[in-house]
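Under my numbering, think of the first position of the sequence shown as 49, with each following residue one higher. Each remark here refers to the structure printed beneath this line.
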Amino acid sequence: MRCPACDDEQLSKHGACRACGGIWLSEELVHERLARAPMFTGGGYSERHCPACDETMDEPLLFDVPIDRCAAHGMWFDKAELEQVIARANLGGWKSTPPPKPEDSLRMLIAAVGAWDRPKRS
Ligand SMILES: [Zn+2]
Ligand SMILES: [Zn+2]
């Protein structure tokens, strides 16, 4: 699969892009790992294309962070976006009501990201 953020970069088998540090999490993986469905709020349309079906993606908010998502296939986190999602959930910065216990989702999200094969140092 091609990285939705880089022009010509292939994603690793775990969905990570070594060039930009972003990660693609398949809808299947997210549902398997998350205790509950992720809470999306608002958002718009992304210019980026789904690496699985090449359709343009939506840009919903997850913990108020805009991410790219193809409802059929999964979601893309830029490196900074993933860090923001994790940081916000961590710091209890979630303000919407009712609060969905972000720390539960967070734990599962981090577990999912544990599959991230980090670039080896040479
Ligand atoms: Zn990339
Ligand atoms: Zn798709």
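C-beta atoms are modelled at their ideal positions from N, C-alpha and C, and glycine is treated no differently. Fair warning: this is a prediction, and the values are worked out from it, not measured in the lab.
Within 8 Å, strictly: CB atoms of residue i and residue j
| i | j | result |
| --- | --- | --- |
| M117 | D106 | The amino acid at residue 117 is misidentified as Met; the sequence shows Arg. Closer than 8 Å, so yes. |
| A120 | E75 | yes |
Presumed contact (8 Å Cβ cut-off) between residue i and residue j, rounded CB distance
| i | j | result |
| --- | --- | --- |
| C65 | L59 | 6 Å |
CA nearest to the CA of residue i, picked from the options
| i | options | result |
| --- | --- | --- |
| G90 | A100, L109 and D102 | L109 |
| A67 | K61, E57 and E75 | E57 |
| D112 | W124, C101 and E129 | E129 |
Exposure of residue i, with buried meaning 16 or more beta-carbon neighbours within 10 Å
| i | result |
| --- | --- |
| E131 | exposed |
| G63 | buried |
| C51 | buried |
| C101 | exposed |
| G92 | exposed |
| D55 | exposed |
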